[in-house]
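Residue numbers (this note's numbering): 1 to 114. All C-beta atoms, glycine included, are put in the ideal place defined by N, C-alpha and C. The structure appears below as structure tokens.
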Amino acid sequence: MLAEIIDPLINSRARNKLMQKASIIGAKTGKVLYVSSKSKYCPNCARALTKNIKPATHKCSKNWDVSSTSMESELILEGFLNIIKMHKLKYVKIIVQCLPKNLLRETLRKNNGS
1 MLAEIIDPLI
11 NSRARNKLMQ
21 KASIIGAKTG
31 KVLYVSSKSK
41 YCPNCARALT
51 KNIKPATHKC
61 SKNWDVSSTS
71 MESELILEGF
81 LNIIKMHKLK
91 YVKIIVQCLP
101 KNLLRETLRK
111 NNGS
């Protein structure tokens, strides 16, 4: 069982928050357990759209179509679910940085169905 540090790396200056990143780090070990990002923008697709052409085959970086505000909680939830599967870990304590605890609590509650 581990205490985890959640650190959403959010660009608070971005007007429309097209991309957000988050990491989950073991509080005692300092090891990175999970890092991920969500993006509402792909430069290749955007360039093709402005030129009114079909985009060339590429690895599209756009992986989010829902609201920008929901990116943050989704990244954290995704991280916790993946850590449980990948590392077979259980959490004792969650230390949150830059993320309202009630948002995390509500997100985890929705996923657990309680």
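Check: Own chain, CB closer than 7 Å to Lys62, minus 5 neighbours either side, in chain order; Outcome: Ser39, Lys40, Tyr41, Cys42 and Cys45
Check: Secondary structure of Ile83, DSSP reduced to three states; Outcome: helix
Check: Contacting residues, own chain, Cβ-Cβ under 7 Å from Glu74 (five flanking each side not counted); Outcome: Lys38
Check: For Leu77, three-class secondary structure by DSSP; Outcome: helix
Check: Inter-residue Cα distance where the pair is Leu81 and Asn52; Outcome: 39 Å
Check: Alpha helix (DSSP H) segment containing Ala46, residue limits; Outcome: Pro43 to Thr50
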